[in-house]
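Comments concern the structure below.
Protein chains: 2
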Amino acid sequence: MNDVDTDFVVLAWRELLARHAEVSCALERELSDKHGLGVSEFEVLERLVEGEPSCAEPAKFRVQGLADQVHLSQSALSRLIARLEREGLVARAMCEADRRGVFVQITEEGRRRHAEATPTHRAVLSAHLSPHLANGRCAPRATDESPHPA
Amino acid sequence: MNDVDTDFVVLAWRELLARHAEVSCALERELSDKHGLGVSEFEVLERLVEGEPSCAEPAKFRVQGLADQVHLSQSALSRLIARLEREGLVARAMCEADRRGVFVQITEEGRRRHAEATPTHRAVLSAHLSPHLANGRCAPRATDESPHPA
DNA sequence: GCACAATAGATGCAAACGCATTTAATGCTT
DNA sequence: AAGCATTAAATGCGTTTGCATCTATTGTGC
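Protein sequences appear in the order of chains B and E. Note that the first sequence covers residues 1 to 150 in the working numbering. Note that the second sequence covers residues 1001 to 1150 in the working numbering.
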């Protein structure tokens, strides 16, 4: 790898850091002010909501599985779940099959708070992220219905 | 903005979160293990080194200016500078013109530590970031010498 | 020149994190 | 079945962070 490549990667990293800082700071402020939720809290609630297929019953998640999805350590997620439980947004359930494990499931209240916060979340993302996606940069794998086919 | 666009932005945000978590975790581990430096510490040292044009004298930075560049709060940077100073990697200097201000400048030792850590830093970036830049995604503005001309 | 808003940086404080350890349950080997 | 490595989650602990506040200096209006 030559110097040009190295510089390129460094620039990409700085761009990523800048974008991450901008968006997560804005998200933290908005979600916290308007809904009393942290970014990680919202992210966890979202996974729990998404985990529900079509059946009425709330999906059950293991702590470690959630930790991987939201990029937190196991200990951090354990405490985060504790916070959410204290607020009544999720419930811990015994796992019969493996009694070491704990199932985490969202509550009615949790679903409500998540639904309330989602528009704010999406608005912040659109405002701070969309401008930088215009050239197809920093984007996820394109779908068949690309927003900017150009 | 329709649902497709919204989903697209959400996917982009998750991609960004995943990339950030992966790279910053790896960086934190490697820099800490091999050089006793945190990611933020390295980032600050790097700005200080880069700030030196060609003249021999170390460049002087204001605390708030550095804070903006590395995406930290003023208080966090103040303490970070204190840590670096305790380790002898930077020095605080009185600002004669405005005696509220403080100039931060890198020391010989700081330059050395940064130079030692840079290869590690670049290696981690290349290993974890390059694979995802292959399609020009998540990249800074392209240079005339693209790293992967196919 | 003197009071008062504004600014730079330091510091008290509480929240959230990761690492290491602990506790409890499982599974594997003999 | 007993013993021991393994795994899931909780917890102790130290570090880093941001917000609010404090102190010191600068600038501004009267």
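Think of the CB as a built atom: it goes at the ideal place given N, C-alpha and C, for glycine as much as any other residue. As the structure is a computational prediction, the values presented were derived from the model and not from experiment.
| Item | Value |
| --- | --- |
| Could you give the distance in angstroms between the alpha-carbon of arginine 19/B and the alpha-carbon of alanine 1012/E? | 11 Å |
| Just verifying my parser: in three-state terms, what is the DSSP assignment at arginine 1019/E? | helix |
| Could you tell me whether any Cβ in chain E is nearer than 8 Å to the Cβ of histidine 35/B? | no |
| Less than 8 Å between the beta carbons of leucine 80/B and valine 104/B, yes or no? | no |
| Would you check if the distance between the CB atom of histidine 121/B and the CB atom of phenylalanine 42/B is smaller than 8 Å? | yes |
| Throw me the rounded Cβ distance for the valine 70/B and valine 102/B pair, which I believe falls under 8 Å. | Their Cβ separation, rounded to whole angstroms, is 16 Å, which puts valine 70/B and valine 102/B out of contact at 8 Å. |
| Can you check which of these residues, Asp7/B, Asp5/B, Glu96/B, Lys34/B, is closest to proline 119/B by C-alpha distance? | Lys34/B |
| Taking the C-alpha atoms as reference points, what is the distance between leucine 1017/E and alanine 97/B? | 33 Å |
| If we define contact as Cβ-Cβ less than 8 Å, is serine 130/B a contact residue for chain E? | yes |
| In three-state terms, what does DSSP make of alanine 1097/E? | coil |
| Tell me, please, which residues DSSP counts as bridged to arginine 92/B. | Val104/B |
| Alpha helix (DSSP H) containing glycine 1065/E: first to last residue? | 1063-1070 |
| Name, please, each residue of chain E whose Cβ falls closer than 8 Å to the Cβ of threonine 120/B. | Within 8 Å Cβ-Cβ: nothing; threonine 120/B doesn't reach chain E, min ~13 Å. |
| Return the chain-ordered list of same chain residues with a C-beta closer than 8 Å to the C-beta of arginine 47/B, the five sequence neighbours on each side being excluded. | Phe61, Leu66, Gln69, Val70 |
| Which residues bound the alpha helix (DSSP H) around leucine 1037/E? | No alpha helix (DSSP H) contains leucine 1037/E, which DSSP labels as neither H nor E. |
| Provide the residue span of the alpha helix (DSSP H) that contains leucine 84/B, from first to last. | 74-86 |
| Can you find a C-beta in chain B that's less than 8 Å from the C-beta of leucine 1077/E? | no |
| Output yes if chain E places a C-beta closer than 8 Å to the C-beta of serine 126/B; else output no. | yes |
| In whole angstroms, what is the alpha-carbon distance linking leucine 37/B and serine 73/B? | 19 Å |
| Do you know offhand how far glutamate 15/B's Cα is from serine 130/B's? | 15 Å |
| Between Glu85/B, Leu77/B, Val49/B, Ser24/B, which has its C-alpha nearest arginine 112/B's C-alpha? | Val49/B |
| So which residues on chain B does leucine 1031/E lean against when the C-beta distance must stay under 9 Å? | Ordered by position in chain B, no residue passes the 9 Å Cβ test against leucine 1031/E, which lies about 13 Å from the chain. |
| So the candidates are Val1090/E, Arg1086/E, Leu1089/E, Leu1027/E; which of them puts its Cα closest to the Cα of serine 1126/E? | Leu1027/E |
| Compare the C-beta of leucine 1133/E with all C-beta atoms of chain B and state if any pair is closer than 8 Å. | yes |
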